[in-house]
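With my numbering applied, the sequence shown covers 57 to 135.
For each residue, glycine too, the CB sits at the ideal point set by N, CA and C.
Just so you know, these numbers come straight off a predicted model, no measurement behind them.
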Amino acid sequence: MTKHQIRFDQDWFNSRYAGEDADDGCPNELSLYRQANSDQLTLLLSNIDFVGSSHDNTYLLDKYDAQALVRFLKQWLDE
57 MTKHQIRFDQ DWFNSRYAGE DADDGCPNEL SLYRQANSDQ LTLLLSNIDF
107 VGSSHDNTYL LDKYDAQALV RFLKQWLDE
């Protein structure tokens with residue numbers, strides 16, 4: 057795997073990286089899933105530990121959360 061990979065389609069956004077300076081060097085993945093007819097996005101964070109076991113955490117974002125995140129990211133991008 058290269059240092060950083062991004063893939064997306066109409067339902068999924070996936071961002072993966074393997075070992076960045078601010079991390080422990082283990083692979084990580086952020087995925088957002090948009091389910092049809094739902095007003096929430098599923099956010100999945102995965103971290104592979106030193107022995108290869110995956111540790112997954114999920115979180116649901118509603119449209120208000122997504123709008124706030126867009127504002128936050130836009131402000132950061134405009135700096």
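Starting from residue i, follow its DSSP beta bridges and name the residues at the other end.
| i | result |
| --- | --- |
| Asn-84 | Tyr-73, Asn-103 |
| Ser-109 | Looking at the DSSP assignment, Ser-109 forms no beta bridge with any residue, so it has no partner. |
| Gln-96 | Asp-118 |
Taking the alpha helix (DSSP H) that residue i falls in, what are its first and last residues?
| i | result |
| --- | --- |
| Gln-123 | 119-134 |
What is the residue span of the beta strand (DSSP E) that residue i lies within?
| i | result |
| --- | --- |
| Gln-61 | 60-64 |
Taking the alpha carbon of residue i as the point to measure from, which residue in the options has its own alpha carbon closest?
| i | options | result |
| --- | --- | --- |
| Asp-80 | Phe-106, Arg-127, Gln-131 | Phe-106 |
| Tyr-89 | Gln-66, Asn-103, Ala-124 | Gln-66 |
| Thr-114 | Leu-99, Gln-91, Gln-131, Trp-68 | Leu-99 |
| Ser-110 | Ser-71, Tyr-120, Cys-82 | Cys-82 |
| Asp-95 | Trp-132, Ser-102, Asp-118, Phe-64 | Asp-118 |
Could you tell me the alpha carbon to alpha carbon distance between residue i and residue j, rounded to whole angstroms?
| i | j | result |
| --- | --- | --- |
| Tyr-73 | Asn-93 | 30 angstroms |
| Ile-104 | Asn-84 | 6 angstroms |
| Tyr-120 | Ser-71 | 22 angstroms |
| Leu-101 | Leu-129 | 18 angstroms |
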